[in-house]
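Participant:
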Amino acid sequence: MEIKFQKEYLSDLYQGIVKPYKEFKSNPQLVKQYIKTINVLKSVTRIEQLYQIKSLHYEKKEGDLKGVSAVYVNKQ
1 MEIKFQKEYL
11 SDLYQGIVKP
21 YKEFKSNPQL
31 VKQYIKTINV
41 LKSVTRIEQL
51 YQIKSLHYEK
61 KEGDLKGVSA
71 VYVNKQ
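Using UniProt numbering, the first residue of the sequence shown is number 1, and each one after it goes up by one.
(1) Checking the sheet assignment: what are the DSSP bridge partners for E48?
(2) So for S26, helix, strand or coil by DSSP?
(3) Does the distance from the CB of V71 to the CB of M1 come in under 7 Å?
(4) What span of residues does the alpha helix (DSSP H) with D12 cover, start to end?
(5) Is the beta carbon of Q33 less than 7 Å from the beta carbon of V73?
(6) With H, G and I counted as helix, E and B as strand and the rest as coil, what does DSSP make of K60?
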């Protein structure tokens, strides 16, 4: 699956660039889990496969966010 980052800081975090982002420096576990989640998203070939990975809690948004999909990075 192709991943497009809409925000530059999300792309930076995936590449391991954490220093300019104070809120992520204090939580390296969150950054590690974010990278792991993106790698899982890249490895799937069809969206239907995301439903099978229960830890992602994949969902399609409704209402104002119709057309947007979401996954959980961590359980918080």
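Every residue, glycine too, gets a C-beta built ideally from N, C-alpha and C.
All values reported here derive from a predicted model rather than from experimental measurement.
Facilitator: Working from what's here:
(1) Under DSSP, E48 forms no beta bridge with any residue.
(2) DSSP places S26 in the coil class of the three-state scheme, outside both helix and strand.
(3) No, the pair does not count as a contact, with Cβ atoms beyond the cut-off.
(4) Taken as a continuous stretch (DSSP letters only), the alpha helix (DSSP H) holding D12 covers E8 to Y14.
(5) Between Q33 and V73, the CB-CB gap stays under 7 Å.
(6) Per DSSP, reduced to three states, the secondary structure at K60 is strand.
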